Structure formats: C-alpha cells, structure tokens
Amino acid sequence: MQKIKELIKPQLDDLFVDIHKMVKKSLDRQPSPPEVLTKEMQQKLDQQIAEKWHDIKDSVDCLSQKLSRDEQSKLMQFTEDEFNKRRKQFNQNVDKKSYRIKLNPHTKRIVLPRKIESTESRLEQGHLHIHVLKELRQYWQDSFEYWNEPKYLWGNLCLSFIYISGCADEQHLIAIQKQLQEAIELGTDLNCFRLYHSDYKKITNPLLLHYRVENSQYGNDVEQGKLYQWKHVFLNPYAQFILQYLKKLKATQKEFCLQHSVEDCILESLSKIGRKKSLGDLQYQIKRRGFRAFNDVQMVLEFNPNLSIDIFLSNVLQQEINTVALRPSEFRLLWNNDYNQVTESDNRPIHFEQEQLLPEVPTVQSKLQTIPYELMLFGQKKRKGQKVERLDKKRNKEERTLRFWQETRRVLEEKIVDANTEEKSLIDAQLRLIHWLMHLKKRGLQLSTIESYLGSFGKEFIFEIWLNKLDLKQQSIDDYEDLYRQLLKYSSERDEKAVQRDSVKGKTSRKMHQSAEYRFGRLKDFHQFCIENYDAPGVLVLQNSSFKHLQICNARLVSPLLFGKLLEKLENLSQEPTASEWVDHLSCLKLMYLLSYRTGLRLNEVRCLKIQDIICPELLYKEKENTVFNNITLHIQDNSYRRLKTRSANRQIPLKIALSEHEFLVVQRYIQHRYEQYLVNQQDDLLFSVNHRVLTDQCISKITVDLFSQILGMHHGFSFHTLRHSAANYLAITLLGSKEMIKTYTDCPWVKAKKMRDLLFGMKARAQEEIIQHKWQVLASWMGHSSIEQTASNYLHVLDLLAVDRIYNSPCIISKKVLEQCFSPVKSSTDYINLNRYTQQQKWFNSYQQTQPVPMAGRQEKKFSIEKSTLTPFQRLISFREGRLSEDTQAQEWMQRCQWMSTKWMDRQKFNLKTNYVYSKNLEESWFDELYEKAKKLTRPDEIIPLLDFHYKDDRQQDALKEKNMVKALKILLLFGKLRKNFLHFQCRMKGDEQQIVNFITGIEPMLGDHLYLEKQNYPVNLDAPERTVKFSFQRVVGSNKKNVTPLVIFNLMLKMMQKDELWIK
C-alpha cells in the first residue's frame, strides 16, 4: 500500500498544476479584466475539477483492487486528505477575489455484503486444492530442486502442514515456523510426542508437535500480560523430512533461516514447482486474497476415501472451533504419570464443614438489604423526620426525580461528616453516582436514558463497595481493575440469565440496555467521569472500544491412575483420628468424585441430588437385596436446593454405561441404603446427606485441592471441576476415538466403548459413525450444553488428537534417490518409500523429539540437605512450613508465633486473643497463608520476599533510644493492631490509647527507609467524634507513583517480632 501512496502524490501534484492553468486560461478569456470570474465560468471550472478528481479516484480504485476492504478504505482516505491539503494551500495563495476551489471530496464507500459462496463454487475450490495436492505429492516424491534454498524448504514445509496436516491458518503457521526455526537455531528439543502408547510399534504411530499461538480473547496460558492458546498439529512425515534436512544445513554452517514471510515463501515454492494451471490459479488467489485462498482446503481431507474425518473435526483443524490443548507440563503429567516423582507434597491438616441446605435464590436487591446502612439513592421512602417539599402533582416526573437527586446529595453531604469509615465509603460511592447522573443531565440526556445508565451497574457497584470494604479515595489501579472485572462478570451473568428467561417466553430479541455490551459502555463512561473529577486512575479493563469477553480456559485432566491416587488419599484421610466423625461424609464424597469423573456432573449438580432425581424401577421391588439393577438414571433438574446453570443442563444420565460393573454395584448399594432411610424420613431427601447435612461446597473444593496437593505438590491448578473436564474428554475419546486412542488414554475396555456407542448413537447409525454429525451433539447434551461449540471451548482439550487420529494415515511417498541424496544410503529393495513408517523406524529422525519428561512446575525435589545455620530466619520459617525442616524447633516456635499474630490481626472474631494461646493447636493456618500470599503479590519482580530488611539489620549499630522505641512500637502492634483490607487499624477510646498510637509512630517511622512512608488517616484523633479509629497504610514511593504495600510491611514486621523473645514474655 505504501507504493500506491507514492504513486498518488505525483498525480495530485499534476492535478493542481492543471487547475492553475485552467484558472489562468479562464481569466485570460474574459473580455475585460474583472477581479472575479463570472458565475458561469466558476461553475464550469467546478465541473472540470470534479471530473479530474473522479479520474484520480478511479485510478486509485484500480490500483487498490488487490487490497482488502479495510486497506482500500484507508487508501481512499489518504487520497482525500492529500487533496484537501493541497486545496487549502491553493485557496490561501490565490487571490481571494478570483477563484477558490469548492470541491471537498468525501467518498462514501458502499460496503457490499459478504458474498455467500454456493456449494458448487466451494466444490470447485475443493477440486482445485485436490489437484494442487496431487502436484505437490509428485513434486515432493521425485524432485531435487527445492533442496537448494531455505525459502523453498520452508515454503514446502508450510505447504505440507496445510495439505497433509490440515493447518491452514496464517497465524498458526507463523507460530509453528518460529518454534521450529528456534529449535534448529538453538539446538533445543521440540515438544513432540507420539499419539499412541509406546506398545503400538507395528502400526503407524503419528508424531504431534505441541505449540502455542497468541490469542487476544481465548487461551489457556498467560505470560507477560499476553494470552496464548496451546495447540497440537500433526508433524507429518514430509515436514519431519524437511526439518531434518534444515538441521543438516545448520550443522554444515549453511543458511537455514527463513528470511521472507510465510506467504511469500509459499508463493516462491509454488512458482518453483512448474507451470500447472491449478498451481497458477492458486498463486493468483493467494496474491488476491492472502490466506483466505486456503479456506476450503479441508475438503482435501474430507474427500480422501482413505481418511475418516468429519466436518466438525475438519473445522477444528481450520481453527474455526475454539479449543485448547493441554500445556506441555500438563500433558506429560497425563501421559507419563510422573507425579510419583513428587517428594515435597502438601500434608497440612484438612478442615471439615457441613451444612443443612436451604433454598436460596439471591438477587441484587436482596444483597443490598444486607447492608446495615441507609442507601438513599436506591430507596425513595422518606424518613419520618425528613421534610421534603411536596411538588405539585402537575409537575412532571423529570422534575420530581431531579429534586430527589438534589435532596439526596444534600443529605448525604451532611451525613458524611459524622459517618464512620464503612458508611463514609458507601456515601462517597453514592455521591459519585449522583454527580455523574447530574452530569449526564447537563449533557442533555433524557431522564429515562439516565435511569437506564444507573440501573445497568449501580446496585452491584454499591454492593461491591460494601462487601470488600473499599475506600474509593485510596483505591490503587489493581483495586479498580478487580472491582470492574467483578462488575463485568456480574454483567455477563445477568445477560445469560436474561437470555434464558427470554428463551422460555419465546422471545428472540432483547433490548439494548439489557446487554452486557451496553453495561460495559456505561461503566466506561462513569469511570471516565471519575478520572476527570475524582483523580481516579485509568484501568486496562475499560480501555477496549467494545466489550470483549476474555476466556481463559483452565485446561487440566485427571488420568485414571491419578484418579485412583485421589481416591486412595481420600481413603487414608477417612482413617485419620481427626476425621473419625466424618467417615460417612467422606464415603459420600468418594461417590461424588466417582460420578463427576465418570459422568461430568458439576459440583452442585451432584452434591444436591435428591432421592426423587433417581429413576430406577427396581427400587420399588420388595426383595431387592440380591437384585442387580438393569440401569440407574440420574435426572439432573431444578430442585429446591439448587438451580441449574442453564436450561440445557436439564438432562438424564444413564449410569450403567458410564460406570464399570464394580463401580455400578457400589453406587447401587448406596442408593438402596439411602432409599430405605428416605422411606422412614422423607424430609431427609438429599442423596448424599448424613443426618440432614451435607459437606459444604467450599469444604469439598478445599478437600479436593488439598488431596491433589498431597499428590502433586503445591500450585497444581487441579480442583473438583477438573473431574468434569476429564469426564468430557474421556467421553469424547470413548465415543469418537479409535481403538488405539481408547486404550492409550482411558481405562474403558473396547467392548464397553462399542456398547456405549450402540446405546447413544443407535445400531444403524453406528455403521456410519465416522461421518454422522449428531454424535457431537450427543456429547454436548450429555455435558448439559446447548451446542458442541460450547463444550469444545470450555472442556474439550483432545480435539486436536482426535483430528490427527482421523487424518494421519495418508501415504507420504518419496523416492529412494531423493532420500539417498539428502542423507545416506537406504537399505530398501523398492524405489519408493513410505515416510510414515520410515521416519518412525529410523532413530536419527527422533533426534529432535523430546523424550525426557520435564518435572511439573512448582515441584521441589529434595536432592541435598542445607544446614539451618546457613538459612535466614525467613527461609527457615518457610522451609519448616513446607515440611523440609521438621527438626528445627526454633522455626517451629516462630511459626506458632506467626500463626498467632496473623490470626489476631486478621480474624475479626479473635481480636482479643491472648498471648498465652500462642502455642495452641487450634489456631488456623489459613490466616498466615493469606498474609504470606498477599505479601508475595506486592513484592516487585526484582526482589525476593521479604522486601524489607528489618530482620537483617544489626541492632548493635542502632542507638539505644531507637531500639527501645522500636520494641515499644512492635509491642503495641502485637497487642492492639488490626489488619483490615490493606490498612492497619488502631482503636482510640481513651487518652492512653492516643499515647500508644504516638509511640507506635515514633518507633516505626525510623525503620521505613527512603522508599516507604507511613500514611495516616483520622489522625490526630478527635476523641469527641463517634468514629475514633486511626487508619495507617504503608506507601511505597517510586518516582511519582505510590502503592499501598501494608500487607508486605506487616509481614516483614511479623518476621522481626517472631524473633524478639522479650515481646512474648507473659
């Protein structure tokens, strides 16, 4: 496009030279020299200039034919801007009374609707690609030409990925090419693996490449603020062959890097092959349409009689279905089962919680009613003591509403003076909303529009302020980010529920002000108002021009062996003395795990199952002790204890085909036992209740995470929901994979898999199961989704594997002479060799394959011991916490002190905890963990925890007065401090309390250094005021920026205090 711009400028210069000549010629033609041209002459000049402009516009349109519509529009805008620039200069230089150019071009481009291609045209395009593939195969089989230059090698490599592997997306090809080139250049291993188990040696075992590509809205990996999507691609034999030759070029010091774009090297490679009509047509389309020329290339795979790929998997290969693959570390965990290498597991005690379930459907209004303060903006009831002037009935609603807002603002501004800290935050939030509403009215918006603005997010905004105890005046950028992300999440949830309600009523369209897009715009406008009037910082989440739903998929799977380990750990937990009262609950939990892992039930779907949700006629039999049930069906439906996520979640799950015989028998016996109890007491109708009580969902989630931590170590990312992910993928493999896939990735026998297919697909449909599409909708319905696209984007992480399972068996033939010229003599009696088997049998083709399993991130192997004297107190404390220094008695005492301090400061119910409870075993460890995690988040990347050096300072270098003041300040913090949100609170009820606060400030401030300062609120304290809480925050200053790092400073002070024995004298 830049070249076209350079051509346009001279044409415009010539145009204005001609205009000068035309004006001069018109002036010379006049009989007398008047100062101004006649009206007729000016009209004639206007027409001539317009005609010349249209000639230039037509030439621009001709030059831009090969550009995209967006580029054509930008080019025309550039031409108009250049014309107007010259027009303005012409009108300034010419005599004002002679002639001025009036033409001000503004081309309105008519965007033609996207052309809907007919089936015939798509078939023609498919046949074109079939002919191209035929020429490519012949060329790769016998040609020696493309081995000369790297651009031809890379071009043919990309063409093999497009036509053999089915990957025709430009962004993905660029990511693959970049990864391959880096591996060759640096000599590193690629993330490659064989699709099937290593026992399959007599059949072709395809090789897959693991890669990632940047995606702005969907993915499963975040690095340096960018979102990435992990994928698998079939590393076809031609690609392996070319890649091996590129490695050979690198070894012989020859050029191997790609110096051109992927599109250019493909065009160069196609032109090198020969003058074939199909190749020429494809080159023309690539030059005209770019990579859109490959839109129908999947037909090459669909029409191949030797392959069995269906339309859905074909769309997966074309990147038209959102799906992610497991990350390499997670895939190795699934494939190699190398979690047995974990030596430092998490063995912290597990806490149990139970509850009696009651119906609850909370609304926004009900949430607001839990706030113990008056919210005047959202409640128009007048108080008895409040005198508000009554308006004449004839006045319109607008005047009454404006009067209400003004009166509310006046009352709130009066109340904020005497309000306590929490109420001040609520009042400040309401005042900001009112000021914004008045601002919108001044901008001329209608009252109904303004009320829609407020209703789109106002109540959720107020509730979040109250729930998280936010002070808008002290909010950091991160705090604002969290607040707005939560509000946008509420917005999306409201949108989904509204769509569900409308679908029930038969509506197909919704009002604009009820959409998430609308609420995003209103929230963005409100925050811009706060930036201009309240010095609020800009936030990244609102910088997009439109609402974008960012989906980060937590892609993890539990292998059958890992699931067995999970059940084993749960069994061990039930045998511990601390869990003796919870044995029945843990038995229920084991069954919940089993049902979720085999059927994909959500946590609350399985936890809130009722006896009435079980469909099983055999339960009514009088003699059923030795009866084997034909089937048990779970009806997942709304009940009094929970509401389903969507209408599609209402479904029936047959257990007979989902469970093994032994598992089914265990579930049957439990259901029989619970049904007998239910007949005695029908109020106890929950399937997994024990004496009317079930484990809370938080408790189940926590137990699950802790059990996985004992197996995998910390920071594993597995949860109860991972069981549902696993079920979706294993069901997909069982129902849709080959026999080799099922035996490799699942514990389901092939005979049972065929029975599942017969039942779910039907006997007749099974004969054509490779091409029928309904089977994918069966899987979506089983998971409770309305479409397979929803299942794929959220749960299915093996779709790439299933696609390769269908396409890998295409023969890749190469001449024996080509092989010998490129590498070494070949022992073969035939002139042509199938690379599928050849690359698998030759060991030197695996030189780039990654065969060594890499330990999972977050693991810690105990390879050597470290003397505790070489560790800092912080390192000794954390090592003891993680179980590596269990014999360190001093670290044990420090940990007890830290747990006591964090509990006293952060637990609202244990503020009065006495120091004689410091060695109590009943202290919760979670408060220390929470404070430690907050401190880590506030640490800068170039530092290690602890950030501050309090406990490294040599006290002997400090004078006695400073040391005395410091100890006194730490003693006051120990006994009277409270950590609320990110602020340190001290109560000042008497004059003695005020002196303690002075002593705290005197002792702490000299310790802070150059980049920290102590910020004070409500200090000096007014003893006559009802609110006498002094709030401190530690602010880190870097340049002109400051950040509240109170939890980090408190954590470091805690490390100092745990070592001061004089603070702990009773």
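Residue numbers (my numbering): 492 to 1557. We put the CB at the ideal spot given by N, CA and C, even for glycine. All values reported here derive from a predicted model rather than from experimental measurement.
**Study point:** As assigned by DSSP and simplified to three states, the class of Y1323
**Key:** What you label residue 1323 is simply residue 832 of the sequence shown in a count that begins at 1. Here Y1323 sits in strand by DSSP.
Review point. Within this structure, are the beta carbons of T814 and L1270 separated by less than 8 Å?
Key: In the sequence shown, residue 814 corresponds to position 323, counting from 1. In the sequence shown, residue 1270 corresponds to position 779, counting from 1. Result no, Cβ atoms of T814 and L1270 do not sit closer than 8 Å.
Check your understanding: Looking at C-alpha atoms only, which residue of L1452, Q563 and L1178 is the closest neighbour of Y1079?
Key -> As a working note, residue 1079 is residue 588 in the sequence shown. As written in the sequence, residue 1079 is Cys, which differs from the Tyr given in the question. The shortest C-alpha separation from C1079 is found at L1178.
Review point. Is the segment 1129–1138 touching the segment 1238–1253, taking contact as three or more C-beta pairs under 8 Å?
Key: no
Review point. Could you give the C-beta distance for F952 and A920, rounded to a whole number, given that I count them as a contact under 8 Å?
Key: In the sequence shown, residue 952 corresponds to position 461, counting from 1. In the sequence shown, residue 920 corresponds to position 429, counting from 1. Sure, about 7 Å apart at Cβ, within 8 Å.
**Study point:** Endpoints, alpha helix (DSSP H) assigned at I621
**Key:** Locating residue 621 in the sequence shown gives position 130, counting from the first residue. Run containing I621: T610 to D633, per the alpha helix (DSSP H) assignment.
**Study point:** N- and C-terminal bounds of the beta strand (DSSP E) containing V704
**Key:** Position 213 of the sequence shown holds residue 704. Note, V704: beta strand (DSSP E), L698 to E705.
Practice item. Can you say whether F635 is buried or exposed, counting buried as having 16 or more other CB atoms within 10 angstroms of its CB? Key: Start at 1 with the first residue of the sequence shown, and residue 635 comes out as number 144. With fewer than 16 other Cβ atoms within 10 Å, it is exposed.
Practice item. Please confirm whether C1303 and Y729 have their CB atoms less than 8 Å apart. Key: Residue 1303 sits at position 812 when you count from the first residue of the sequence shown. Residue 729 sits at position 238 when you count from the first residue of the sequence shown. Yes, they are a contact pair.
**Study point:** Nearest to F1199 (by Cα), restricted to the options C1190, I1191 and S1210
**Key:** Your numbering for residue 1199 matches position 708 in the sequence shown. Of C1190, I1191 and S1210, the residue nearest in Cα terms is S1210.
Practice item. Could you spell out the range, first to last residue, of the alpha helix (DSSP H) harbouring Y1169? Key: Position 678 of the sequence shown, counted from the start, is the residue given in the question as residue 1169. E1152 to V1171 is the span of the alpha helix (DSSP H), which, as asked, contains Y1169.
**Study point:** Three-state secondary structure assigned by DSSP to I1541
**Key:** Here residue 1541 refers to the residue found at position 1050 when the sequence shown is read from its first residue. In the structure shown, I1541 sits in a helix (DSSP, three-state: H, G or I).
Exercise for review: Compute the distance between the beta-carbons of R1367 and M1549, then report whether it is under 8 Å.
Suggested key: By one-based count along the sequence shown, residue 1367 stands at place 876. By one-based count along the sequence shown, residue 1549 stands at place 1058. Contact: no.
Point to revise | Cβ neighbour criterion (16 or more within 10 Å) applied to S609 | key: Start at 1 with the first residue of the sequence shown, and residue 609 comes out as number 118. Burial call: exposed.
Exercise for review: Given a cut-off of 8 Å, decide if E1416 and Q1400 are closer than it, judged by their beta-carbon atoms.
Suggested key: Residue mapping note: residue 1400 aligns to position 909 of the sequence shown, counting from 1. Residue mapping note: residue 1416 aligns to position 925 of the sequence shown, counting from 1. Against a cut-off of 8 Å, the Cβ pair of E1416 and Q1400 comes out as no contact.
Review point. What are the start and end residues of the beta strand (DSSP E) that includes T1124?
Key: Translated into positions along the sequence shown, residue 1124 becomes position 633. Unbroken beta strand (DSSP E) run through T1124: T1124 to I1127.
Check your understanding: Quick one: what does DSSP say I1298 is sitting in, helix, strand or coil?
Key -> Counting from one through the sequence shown, the residue named residue 1298 turns up at place 807. Note: I1298 maps to helix in three-state DSSP.
Exercise for review: Count the CB pairs spanning the segment 661–677 and the segment 743–753 that are closer than 8 Å, and state whether there are at least three.
Suggested key: yes
Exercise for review: Measure from the alpha carbon of D1484 to the alpha carbon of each residue in E1506, L1514 and L1499, then state which is nearest.
Suggested key: Numbered from its first residue, the sequence shown carries residue 1484 at position 993. Residue L1514 is the option with its Cα nearest to D1484.
Practice item. Tell me where the alpha helix (DSSP H) around T892 begins and ends. Key: Looking up residue 892 in the sequence shown gives position 401. K888 to K906 is the extent of the alpha helix (DSSP H) around T892.
**Study point:** Proximity winner among Q1508, V1528, I1541 and E1553, relative to K447 (alpha-carbon distances)
**Key:** Since the displayed the chain opens at 492 and closes at 1557, residue 447 lies outside it and no answer follows.
Point to revise | Residues sharing a beta bridge with H1476, DSSP | key: Taking the first residue of the sequence shown as position 1, residue 1476 is located at position 985. Answer is K1469 and K1522, bridged to H1476.
Check your understanding: Taking one C-beta from the segment 1093–1113 and one from the segment 1233–1243 each time, how about it: are there three or more such pairs within less than 8 Å?
Key -> no
Point to revise | Burial state of Q1558, where buried means 16 or more other Cβ atoms lie within 10 Å | key: Only positions 492 to 1557 of the chain appear in this structure, which leaves residue 1558 out of reach.
Check your understanding: Considering N584, what are the terminal residues of the alpha helix (DSSP H) in which it resides?
Key -> Against the sequence shown, residue 584 aligns to sequence position 93. Counting along the chain, the alpha helix (DSSP H) containing N584 begins and ends at R560 to N584.
**Study point:** Three-way DSSP call (helix, strand, coil) for K1547 in this model
**Key:** One-based indexing of the sequence shown puts residue 1547 at position 1056. Helix at K1547.
Exercise for review: Determine, using beta-carbon pairs with one atom in the segment 1184–1198 and one in the segment 761–768, whether at least three such pairs fall under 8 Å.
Suggested key: no
Practice item. Work out the CA separation of K738 and Y702 for me, nearest whole Å. Key: Stepping through the sequence shown from its first residue, residue 702 is reached at position 211. Stepping through the sequence shown from its first residue, residue 738 is reached at position 247. Rounded to whole angstroms, Y702 to K738 spans 19 Å at the Cα level.
Exercise for review: Assuming F747 contacts T1330 (C-beta within less than 8 Å), just tell me the rounded distance between them.
Suggested key: Along the sequence shown, one-based indexing puts residue 747 at 256. Along the sequence shown, one-based indexing puts residue 1330 at 839. Not a contact, Cβ separation roughly 20 Å.
Practice item. Taking 8 Å as the threshold, find out whether the segment 1316–1332 comes into contact with the segment 642–658 through three or more Cβ pairs. Key: no
Review point. What are the start and end residues of the alpha helix (DSSP H) that includes L1214?
Key: Locating residue 1214 in the sequence shown gives position 723, counting from the first residue. Here the alpha helix (DSSP H) through L1214 covers H1212 to L1227.
**Study point:** Candidates R591, F1054, Y1009 and Q1383, of which the one nearest L1033 by Cα
**Key:** Position 542 of the sequence shown, counted from the first residue, corresponds to residue 1033. Considering only alpha carbons, the answer is Y1009.
Practice item. Let me know if N1407 comes out buried or exposed under the rule of 16 or more other beta-carbons within 10 Å of its beta-carbon. Key: The residue given as residue 1407 occupies position 916 in the sequence shown. Its Cβ having fewer than 16 others within 10 Å, N1407 is exposed.
Point to revise | Buried versus exposed call for S1180 [16 or more other C-beta atoms within 10 Å across all chains shown] | key: Counting from 1 along the sequence shown, the entry for residue 1180 is found at position 689. Counting Cβ neighbours within 10 Å, S1180 comes out buried, since at least 16 surround it.
Check your understanding: Touch check for the segment 1289–1306 and the segment 720–727: three-plus C-beta pairs under 8 Å?
Key -> yes
Review point. Looking at K1551 and V1458, is the spacing between their C-beta atoms short of 8 Å?
Key: Here residue 1458 refers to the residue found at position 967 of the sequence shown. Here residue 1551 refers to the residue found at position 1060 of the sequence shown. In this structure, K1551 lies closer than 8 Å to V1458 by Cβ.
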